[in-house]
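Everything on this sheet refers to the single structure shown next.
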Amino acid sequence: MARDGAIISVIDDVGWLRDVLVQGPVGSAPERAGWGASGNARDAVRQHEAFVRELERAGVTVRRLDALLASALGFADARDWIVERRVGEYVDDRRSGSEIVSWMSEQPAETLIRFLMEGTPVSALPTRIVHLDDVASRHDGWFLPPLVNPMQLRAGLRFIEAGAVVCPHPPAASRASAITISTVLNFAPLFDESRFEFWLTSDGADRSCPPIDGHDIAMPGRLVCVGGITHATSLRAFSELAASLFRRNRNYTVFCLDLAGAGCECLDDCFVPLDRETVLVDSAVLGRARAFSVRAHPHGMALTVEPCGSAFLDEFARALGGDDLCLIDMKEHTGPVGSALSRLAPIVLSPGRIMVFEQHHAAFHLLEQHGIEIVSVLDGSALSCGGKGPLGLMSALRAG
Numbered sequence: 005m006a007r008d009g010a011i012i013s014v015i016d017d018v019g020w021l022r023d024v025l026v027q028g029p030v031g032s033a034p035e036r037a038g039w040g041a042s043g044n045a046r047d048a049v050r051q052h053e054a055f056v057r058e059l060e061r062a063g064v065t066v067r068r069l070d071a072l073l074a075s076a077l078g079f080a081d082a083r084d085w086i087v088e089r090r091v092g093e094y095v096d097d098r099r100s101g102s103e104i105v106s107w108m109s110e111q112p113a114e115t116l117i118r119f120l121m122e123g124t125p126v127s128a129l130p131t132r133i134v135h136l137d138d139v140a141s142r143h144d145g146w147f148l149p150p151l152v153n154p155m156q157l158r159a160g161l162r163f164i165e166a167g168a169v170v171c172p173h174p175p176a177a178s179r180a181s182a183i184t185i186s187t188v189l190n191f192a193p194l195f196d197e198s199r200f201e202f203w204l205t206s207d208g209a210d211r212s213c214p215p216i217d218g219h220d221i222a223m224p225g226r227l228v229c230v231g232g233i234t235h236a237t238s239l240r241a242f243s244e245l246a247a248s249l250f251r252r253n254r255n256y257t258v259f260c261l262d263l264a265g266a267g268c269e270c271l272d273d274c275f276v277p278l279d280r281e282t283v284l285v286d287s288a289v290l291g292r293a294r295a296f297s298v299r300a301h302p303h304g305m306a307l308t309v310e311p312c313g314s315a316f317l318d319e320f321a322r323a324l325g326g327d328d329l330c331l332i333d334m335k336e337h338t339g340p341v342g343s344a345l346s347r348l349a350p351i352v353l354s355p356g357r358i359m360v361f362e363q364h365h366a367a368f369h370l371l372e373q374h375g376i377e378i379v380s381v382l383d384g385s386a387l388s389c390g391g392k393g394p395l396g397l398m399s400a401l402r403a404g
């Protein structure tokens, strides 16, 4: 079990899950900030509490982002850091921005967290601060809009080896979630002695950083990394991540899948390792996607990117050390079973042991036939994003 100040690292996605970061609904009126699927905030609160209890029952240490943010905001530097970046996202006028930063930095930690996560209505600002009509009109009366999908932490933060991957969204989108996560990683006492590296950036407000999404990274173990190039993850971003992995260990095997034209929103939708030899896949999507092998150049920092010599799944099986890979293929199943498999998105608690939502019960028998143990079944009707399972609700801090 990870202790405060311990080195936090994720060796692979199918190892023993020991420590995770989550974020449930906060505040006295969670429905106001849009917590929960379809605005069903009250059920989201109840279901998220049950989700946390099941993780803890499985021996996982569960930490909340808002609690870590509160610990960070005990430091004046952290307050200034996050407020300046969040305000800078919406205010171009330097004078008004400076007044708002000063006012927000003086708020009690509980109030400031509510403003940063649930949103700050223009009506909450002091009357002396003017020239914000344009901001209010653009954001339906909000000065700082609520965080978008704050419970879906996997999209915004992944830990790989000793690296913290802060995942900024495309430049056109608000980087509020990445700024919040960066504040926690830079200032929360939990991470004081963790000594992790930042990949790709330590500052979520850095707009020069290419976009990347945590749903497009898979770490199936044995020093193998698979990345998906999608509308949310650029080739440049994944190349920078691959270069970081090679700097740490040149023995990595890295694959890159171009999913942009393959009819797949993210890698998690078509490639989910369940244990060391079993992978849930959509072979139709993977067959359409162009697959590349990424290698470290032997004489410098440049990368070599070459098309895979054979089908990706064959290359992947060889990278894991054998050809006895067990595939659960969504393409081979229609009706309720195929639909459930395509949205399963389970949490792997340890090799071959998973946590799932009961909405995907049609796939349970098939999974058990392949030796997968379903440890926990939860009601996720108010937590599910796009009908998918619980994987997106947490970011692993320590696993492997």
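In terms of the working numbering, the sequence shown is numbered consecutively and its last residue is 404. Just so it is clear, CB atoms sit at the ideal spot from N, CA and C, and this is done for glycine as well. Note that the structure is predicted; figures quoted are calculated from it, not measured.
{"Check": "Span of the beta strand (DSSP E) around D81", "Outcome": "Segment A80 to G92 is the alpha helix (DSSP H) holding D81; no beta strand (DSSP E) there."}
{"Check": "Among L204, A166 and T187, the one whose alpha carbon lies nearest that of H198", "Outcome": "Reading off the sequence shown, one finds Ser at residue 198, where the question assumed His. Minimum Cα distance to S198 is reached at A166."}
{"Check": "Extent of the continuous beta strand (DSSP E) run through M223", "Outcome": "I221 to G225"}
{"Check": "Neighbour-count burial assignment, E372, 16 or more Cβ in a 10 Å radius", "Outcome": "exposed"}
{"Check": "Coarse secondary structure for A6, derived from DSSP in three states", "Outcome": "With a pLDDT of 40 at A6, under the threshold of 50, the modelled position of that residue is not reliable, and no figure is offered here."}
{"Check": "Beta-carbon separation (whole angstroms), V170 vs L157, contact threshold 8 Å", "Outcome": "Not really, about 12 Å apart at Cβ, beyond 8 Å."}
{"Check": "Residue of S354, H337 and G390 minimising C-alpha distance to A366", "Outcome": "H337"}
{"Check": "Exposure label - H301; buried when at least 16 CB within 10 Å", "Outcome": "exposed"}
{"Check": "Three-way DSSP call (helix, strand, coil) for T65 in this model", "Outcome": "strand"}
{"Check": "Cβ distance (whole Å) where T234 is taken to contact L263 below 8 Å", "Outcome": "5 Å"}
{"Check": "One or two residues paired with R299 in a DSSP bridge", "Outcome": "T308"}
{"Check": "Short Cβ contact (8 Å threshold) for P154 with M108", "Outcome": "no"}
{"Check": "For A293, the nearest candidate out of V352, V230 and P277 (CA to CA)", "Outcome": "V230"}
{"Check": "Cα-Cα separation between G225 and E88, rounded to whole angstroms", "Outcome": "39 Å"}
{"Check": "Between the CA atoms of R57 and P355 - distance to the nearest angstrom", "Outcome": "21 Å"}
{"Check": "Member of C389, R254, R252 and H219 whose CA lies at the smallest distance from the CA of T237", "Outcome": "H219"}
{"Check": "Euclidean distance between Cα positions of V276 and V258", "Outcome": "16 Å"}
{"Check": "Residues near S399 by beta carbon distance below 6 Å, same chain, minus five either side", "Outcome": "L25, L157, R158 and L161"}
{"Check": "For L401 and R7, the rounded distance between their alpha carbons", "Outcome": "Only weak support exists for where R7 lies, its pLDDT of 43 falling under 50; the value from the coordinates is given anyway. The alpha-carbon atoms of R7 and L401 are separated by roughly 11 Å."}
{"Check": "Selected residue, minimal CA-CA separation from F147, among S186, H173 and V95", "Outcome": "V95"}
{"Check": "Sub-8 Å separation of R118 and P175 beta-carbons", "Outcome": "no"}
{"Check": "Under the three-state DSSP convention, the category D23 falls into", "Outcome": "strand"}
{"Check": "Per DSSP, cross-strand counterpart(s) of P340", "Outcome": "P340 is not bridged to any residue."}
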